[in-house]
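Reviewing the structure listed below.
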Amino acid sequence: MELKDKIALVTGASKGIGKEIAITLAKRGAAVIVNYNSDAKGAERTAEEIRKSNGEAFIVKANVAEREEVASMFREIGKKYGRVDILVNNAGITQDRTLAKMSDEEWDKVIGVNLTGAFNVAREALKLMPEGGRIINMSSIAAMTGNFGQTNYAATKAGLIGFTKSLAKEVGKRRITVNAVAPGFIKTEMTDRIPFLKRKILLSLIPLGREGTATDVADAIVFLASEKSSYITGETININGGMSL
Ligand code: NAP
44 MELKDKIALV
54 TGASKGIGKE
64 IAITLAKRGA
74 AVIVNYNSDA
84 KGAERTAEEI
94 RKSNGEAFIV
104 KANVAEREEV
114 ASMFREIGKK
124 YGRVDILVNN
134 AGITQDRTLA
144 KMSDEEWDKV
154 IGVNLTGAFN
164 VAREALKLMP
174 EGGRIINMSS
184 IAAMTGNFGQ
194 TNYAATKAGL
204 IGFTKSLAKE
214 VGKRRITVNA
224 VAPGFIKTEM
234 TDRIPFLKRK
244 ILLSLIPLGR
254 EGTATDVADA
264 IVFLASEKSS
274 YITGETININ
284 GGMSL
């Protein structure tokens, strides 16, 4: 229970990796704020699982790309808890298309959710974050290697690494650490959309011979959220089974 008495906000916790992060942080004792955008039932399922193991969950809807919705979420969080010790900027989307065919909307939407969303949430969270807080941003292997059809997505995920390093320098004096994780090929609804043949090719690029699980990512997040990582900041942990794209 190394996160006992901590308040954690996980964006995009209605499914996939965010859901597993929320459940895992709660198992370690944190009260978890479950953010979602469109999947209210999914957020309820995450909260139910947390409560089943005697954890505490508080659901808040907000589109992270919309500043007013983010401000309103933090008003609710402020009223309920008055602080946020751990922020996991997990919410993210893909809208894949080669650059030549990519629409303005596909570019803007992915930047808006993945990168501007992290900025919107982190800026508000810092107002409520005490000394020794934790910010963890969800990058991706696409940031390191690029990926065909993902100029928008890879730009956001690489942007989050620069964001992480810069913010780490700004808030170090408050003993707040800022780190990122960069998962590879993790089984979720996002990757379930990848066609069968491409999945086979991706699997062949992973030395450990399997796709990752949301738990593989959540376990690294717990470490970064805990006291045990208190001298690590501005870093990105790759969680990809050795994969190279
Ligand atoms: P997912 O299953 O599609 O789940 C995405 C989550 O993000 C959902 O809970 C969704 O909430 C939320 N979300 C989307 N847009 C949002 C918005 N505007 N505001 C608030 N929440 C929003 O995806 P995933 O695979 O778990 O991915 C989670 C994160 O890991 C993403 O940042 C993704 O880029 C990153 N990642 C994933 C992989 C992978 O292999 N799966 C690899 C590297 C990085 P609603 O459903 O409620 O809208």
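Quick note, the sequence shown lines up with residues 44 to 288 if you use the numbering used here. All C-beta atoms, glycine included, are put in the ideal place defined by N, C-alpha and C. All values reported here derive from a predicted model rather than from experimental measurement.
Near the ligand NAP: residue i beta-carbon under 8 Å from a heavy atom
i           : result
residue 54  : yes
residue 122 : no
residue 86  : yes
residue 285 : no
residue 82  : yes
residue 226 : yes
residue 192 : no
residue 156 : yes
residue 75  : no
residue 265 : no
residue 67  : no
residue 222 : no
residue 58  : yes
residue 127 : no
residue 216 : no
Straight-line Cα distance separating residue j from residue i
i           : j           : result
residue 74  : residue 44  : 11 Å
residue 143 : residue 220 : 39 Å
residue 99  : residue 126 : 15 Å
residue 147 : residue 154 : 11 Å
residue 168 : residue 131 : 10 Å
residue 101 : residue 57  : 12 Å
residue 151 : residue 145 : 10 Å
residue 54  : residue 105 : 9 Å
residue 211 : residue 276 : 6 Å
residue 228 : residue 67  : 20 Å
residue 217 : residue 172 : 9 Å
residue 203 : residue 249 : 24 Å
residue 60  : residue 89  : 11 Å
residue 255 : residue 284 : 7 Å
residue 160 : residue 107 : 5 Å
residue 235 : residue 137 : 13 Å
residue 64  : residue 129 : 12 Å
residue 213 : residue 267 : 18 Å
residue 286 : residue 197 : 16 Å
residue 246 : residue 280 : 20 Å
residue 91  : residue 76  : 13 Å
residue 261 : residue 282 : 10 Å
residue 224 : residue 263 : 8 Å
residue 164 : residue 201 : 18 Å
residue 111 : residue 188 : 34 Å
Residue environment, residue i, which counts as buried when at least 16 other CB atoms sit within 10 Å
i           : result
residue 194 : buried
residue 52  : buried
residue 182 : buried
residue 62  : buried
residue 158 : buried
residue 291 : Given a span of 44 to 288 for the chain in the structure shown, any question on residue 291 remains unanswerable.
residue 191 : exposed
residue 226 : buried
residue 239 : exposed
residue 83  : exposed
residue 79  : buried
residue 251 : exposed
residue 114 : exposed
residue 207 : buried
residue 177 : buried
residue 85  : buried
DSSP beta-bridge partners of residue i
i           : result
residue 75  : 51 and 100
residue 255 : 229
residue 80  : Beta-bridge pairing links residue 80 to no other residue.
residue 180 : 132 and 223
residue 283 : Answer is none; residue 283 lacks a bridge partner.
Quiz item: Of all the beta strand (DSSP E) runs that stay within the bounds of the region 186-244, which reach a length of 3 or more residues?
Solution: Counting only runs of 3 or more, we get 220-226.
Practice problem: Please list the segments of the beta strand (DSSP E) lying wholly inside the region 131-177, counting only runs of 3 or more residues, in order along the chain. | Solution: List check, beta strand (DSSP E) in window: nothing returned.
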